[in-house]
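Undergrad:
In our numbering, the protein residues as written are 59 to 182.
(1) Using the C-alpha atoms, what's the distance from residue 106 back to residue 119?
(2) Per DSSP, what kind of secondary structure is residue 121 in: helix, strand or coil?
(3) In the DSSP assignment, what residue or residues form a beta bridge with residue 169?
(4) Is the beta carbon of residue 171 closer than 9 Å to that of residue 164?
(5) Quick one, are the C-beta atoms of residue 147 and residue 132 less than 9 Å apart?
(6) Less than 9 Å between the beta carbons of residue 123 and residue 161, yes or no?
(7) Run the CB neighbour count on residue 90, radius 10 Å, all protein chains shown included, and call it buried at 16 or more, exposed below.
(8) With H, G and I counted as helix, E and B as strand and the rest as coil, what does DSSP make of residue 97?
(9) By how many angstroms is the C-alpha of residue 176 removed from the C-alpha of residue 84?
(10) In the DSSP output, what is residue 129 paired with across the bridge?
(11) Just to confirm my understanding: we take residue 86, look at its own chain, exclude 5 residues before and 5 after, and list those with CB closer than 7 Å. What are they?
(12) Below 8 Å on the Cβ atoms is my guess for residue 137 versus residue 115; work out the distance and round it to an integer in Å.
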């Protein structure tokens, strides 16, 4: 009887620890294209952002602004169908040289919201 109780307790503790670890998980940006702080010679057609875990499509966004504050993305943030930790957004064609700010906001599958931003430049 004691052995069964110990096994039950061990399984219960393991389950609690696993759930606690999952509950504390948040989706953070792990990389982006264009890269954070990069200087690119050709205007990109899209911005792609990878996260540390799966994010929800419905409440996750990427917005891109030029140096004057004008939004230059096509407002079509998409979740990659094969990688649910990857979001992308299309950009307006022929962006001018200058500094661009990318602002992202995501909701992870555990419903935690995280956000951040980064910049890149187009140079010629």
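Here a beta-carbon is modelled for each residue, glycine too, at the ideal position from N, C-alpha and C.
TA: Let's see:
(1) Sequence index remark: in the chain shown, residue 119 carries index 61 (1-based). Sequence index remark: in the chain shown, residue 106 carries index 48 (1-based). Each residue's alpha carbon lies about 11 Å from the other.
(2) For the purposes of this step, residue 121 is taken as residue 63 along the chain shown, with counting starting at 1. Note: residue 121 maps to strand in three-state DSSP.
(3) As a working mapping, residue 169 is identified with position 111 in the chain shown. Under the DSSP definition of a beta bridge, residue 169 lacks any partner.
(4) The residue you call residue 164 lines up with position 106 of the chain shown. The residue you call residue 171 lines up with position 113 of the chain shown. Judged by their CB atoms, residue 164 and residue 171 are nearer to each other than the 9 Å cut-off.
(5) Looking up residue 147 in the chain shown gives position 89. Looking up residue 132 in the chain shown gives position 74. Between residue 147 and residue 132, the C-beta spacing is below 9 Å.
(6) Translated into positions along the chain shown, residue 123 becomes position 65. Translated into positions along the chain shown, residue 161 becomes position 103. Contact: yes.
(7) Against the chain shown, residue 90 aligns to sequence position 32. Residue 90 comes out buried.
(8) Sequence index remark: in the chain shown, residue 97 carries index 39 (1-based). Strand, per DSSP.
(9) Start at 1 with the first residue of the chain shown, and residue 84 comes out as number 26. Start at 1 with the first residue of the chain shown, and residue 176 comes out as number 118. For the pair residue 84 and residue 176, the Cα-to-Cα distance works out to about 18 Å.
(10) In the chain shown, counting from the first residue as 1, residue 129 sits at position 71. DSSP output for residue 129 lists 123 as bridge partner(s).
(11) Your numbering for residue 86 matches position 28 in the chain shown. So the list reads 109, 110 and 172, once near-sequence residues are dropped.
(12) As a first step, residue 137 must be located in the chain shown, where it is residue number 79. As a first step, residue 115 must be located in the chain shown, where it is residue number 57. Confirmed, Cβ separation roughly 4 Å.
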